[in-house]
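Positions 3 to 164 (this note's numbering) are the ones given, in order, by the sequence shown.
Where is the CB? At the ideal position from N, CA and C, for every residue including glycine.
Have a look at the structure below, then the notes.
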Amino acid sequence: MDQKECLGCRIIYSIYSNFPPMPSARAYNVETGEFFPFDRLRSLPTGYEMAEALGIAWTCDCRGRSRTPPQHLGNAQPFGYKPLDAPNGDAETYGGMPIENGPPNTWVENPSGSGQLRLYDANGNAAVDIDFDHDHGFGAPHSHNWDGRSRDLGNAVSILPY
Ligand SMILES: [Zn+2]
Ligand SMILES: [Zn+2]
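Laid out in structure tokens, this is it:
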């Protein structure tokens, strides 16, 4: 294992390499909008290759790789976006963490202890969530991609209903 893997790559690797075999499951590339066999994802040797396969390699910070996010990440999302529910009228946080003005290019762990991790982009806006403590149809953990103030419905792993 490359010891110079960045935190994002290490997180991604630790999540997906520990999944049990799931022959009927498919993973989803958010950049291309294509599904591929989940077992191919979990067998990849590095977190970076997993991130590439998921279309989130731009979150990687290791080995001097560029981190230019795709310009239209949300357009590749087939599950649709829902408006952000703003608890208590506070539109600036979601899940107890800010969606704006976070530490740029940094993974932050949710202080609630839920295990949720949020990646902020270079502008301090929420970019990716990885959720561990719940399963709303996408398995746990799963990821959510942010598009402005909207978060998608979850898409890292999709167990297709057939
Ligand atoms: Zn990396
Ligand atoms: Zn979730």
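What residue does the alpha helix (DSSP H) around residue i start on, and which one ends it?
i	result
E51	49 to 56
Just to confirm the assignment, what range does the beta strand (DSSP E) spanning residue i have?
i	result
D133	128 to 133
E111	109 to 111
Does the beta-carbon distance from residue i to residue j come in below 8 Å?
i	j	result
T48	E102	no
A129	D123	yes
G139	G156	yes
R44	S19	yes
F38	R28	yes
If you count every other CB in all the chains shown that lies within 10 Å of the CB of residue i, and 16 or more means buried, which is it?
i	result
N125	exposed
T34	exposed
G104	buried
S114	exposed
G98	exposed
G150	exposed
S145	buried
Going by DSSP, name the residue or residues bridged to residue i.
i	result
S145	I132
S16	DSSP output for S16 lists no bridge partner at all.
L121	W109, V130
Is the number of C-beta pairs between the segment 10 to 22 and the segment 47 to 58 that are closer than 8 Å three or more? yes
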